[in-house]
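Undergrad: Here it is, the structure, as C-alpha cells.
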Amino acid sequence: MIADDHPLLRSGISAVLARDARIHVVAEAENGDMAVELFQRHRPDITLMDLQMPGRCGIKAIEAIRAIDGRARIIILTTFSGDAQIMRALHAGASGYLLKNMARTGLIECIDSVHGGAQFLPVEVARAVVYQPPADTLSAREIEVLRLVAHGYSNQRAAQQLGLKEDTIKAHMKTISSKLGARDRTHAVTIALKRGYWEV
Numbered sequence: 001m002i003a004d005d006h007p008l009l010r011s012g013i014s015a016v017l018a019r020d021a022r023i024h025v026v027a028e029a030e031n032g033d034m035a036v037e038l039f040q041r042h043r044p045d046i047t048l049m050d051l052q053m054p055g056r057c058g059i060k061a062i063e064a065i066r067a068i069d070g071r072a073r074i075i076i077l078t079t080f081s082g083d084a085q086i087m088r089a090l091h092a093g094a095s096g097y098l099l100k101n102m103a104r105t106g107l108i109e110c111i112d113s114v115h116g117g118a119q120f121l122p123v124e125v126a127r128a129v130v131y132q133p134p135a136d137t138l139s140a141r142e143i144e145v146l147r148l149v150a151h152g153y154s155n156q157r158a159a160q161q162l163g164l165k166e167d168t169i170k171a172h173m174k175t176i177s178s179k180l181g182a183r184d185r186t187h188a189v190t191i192a193l194k195r196g197y198w199e200v
C-alpha cells in the first residue's frame, strides 16, 4: 500500500514498483485516515507511508496500524531527514525510513529488506540518528513551548496559553537553547525545524 497525499508521487512509486513482478500495489491512500482504513481492509505486506499528510499524520497512522496488527511492516517515504522525526517514526513502529530522493534506486532494496524482517535505514538516515546524543533530545513540554515561540508567542503569551508562569517558560527556553546549542530563540526554532521536532 502507498500512502501519500500527492497523486503524482503515488503514480511514480507505482510505476517503479510495477517493474518488479513480485510486487503488487493493492491500495493507495491520500491521507492518514484512509491509510488506516485501507490497511484494515487489505492487510498489505508492506506499507509505504509519507509523514506529512492531511488529517492524521503519518506517525499517528503508523500507531493506529500497529494497533490493528503489531506485525505490520511500514516504511517511511518522506522528505524529512531530521533525527527527531526519524526517531519518532521508529518509536511508532516503522521498519524502514527512506528519503524520497533515494526512492528510485533504494526502494526495492528497502522493501526486500523490510519484508524479510530486517530494519532498513540508509547510511544518510542512520548517520543523522547516531550523531545526535540523547542528552540533547527535547521533552514534549519543551517542544510545545518552542512551537509557540515559533508562532510568535512571547514568553508571557506562551505562559498564558500553557497555564504556566512566565519564569517557567524562560527556564524552558534556557534549557532548550542549551540542549540545541542555539544562540537565541530564532536559532533554536531553526534548529528544531531542521531536526524535525515537528512538521511545518
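Heads up: the sequence shown begins at 1 in full-length UniProt numbering, then just goes up one per residue. Cβ atoms here follow ideal geometry from the backbone N, Cα and C, with glycine treated the same way. For clarity, every value in this text was computed on a predicted model and none was experimentally measured.
With a CB to CB cut of under 7 Å and the five nearest residues on each side skipped, what residues in its chain are close to Arg147?
TA: Cβ neighbours of Arg147 beyond the five flanking positions: Trp198.
Undergrad: Bridge partners for Gly96 per DSSP, in chain order?
TA: Per DSSP, Ile75 and Phe120.
Undergrad: Hey, how far is the Cα of Met34 from the Cα of Ile76?
TA: Each residue's Cα considered, the two are about 16 Å apart.
Undergrad: Take Arg73 and list the residues in its own chain whose beta-carbon comes closer than 6 Å to its own, dropping the five residues that flank it on each side.
TA: Only Ile46, Ser95 and Val114 meet the Cβ criterion.
Undergrad: Out of Glu144, Cys110, Gly117 and Leu98, point me to the one whose CA is closest to Glu124's CA.
TA: Closest option to Glu124, Cα to Cα, is Leu98.
Undergrad: Going by DSSP, what residue range makes up the beta strand (DSSP E) through Asn137?
TA: Looking at the sequence provided, one finds Thr at residue 137 rather than Asn. Unbroken run through Thr137: none, as it is neither H nor E.
Undergrad: With a threshold of 16 other CB atoms inside 10 Å of the CB of Asn101, please say whether the residue is buried or exposed.
TA: That one is exposed.
Undergrad: Following the continuous alpha helix (DSSP H) through Met34, name the residue where it begins and the one where it ends.
TA: Gly32 to His42 is the span of the alpha helix (DSSP H), which, as asked, contains Met34.
Undergrad: Run the CB neighbour count on His187, radius 10 Å, all protein chains shown included, and call it buried at 16 or more, exposed below.
TA: Result: exposed.
Undergrad: What three-state label does DSSP hand Ala27 in the structure shown?
TA: DSSP places Ala27 in coil when its eight states are reduced to three.
Undergrad: Which same chain residues, not among the five before or five after Gly116, have their C-beta less than 7 Å away from its C-beta?
TA: Nothing meets the Cβ criterion.
Undergrad: Do the CB positions of Gly93 and Arg56 come within less than 8 Å of each other?
TA: Not in contact: Gly93 and Arg56 (Cβ atoms no closer than 8 Å).
Undergrad: Measuring only the C-alpha atoms, how far is Cys110 from Glu37?
TA: So the two alpha carbons sit approximately 24 Å from each other.
Undergrad: Just mark Pro44 as buried or exposed, buried being the case when its beta carbon has 16 or more other beta carbons within 10 Å.
TA: Under this definition Pro44 is a buried residue.
Undergrad: With a CB to CB cut of under 8 Å and the five nearest residues on each side skipped, what residues in its chain are close to Ser178?
TA: No residues qualify anywhere along the chain.
Undergrad: Just verifying my parser: in three-state terms, what is the DSSP assignment at Ile59?
TA: If DSSP states are grouped into helix, strand and coil, Ile59 belongs with the helices.
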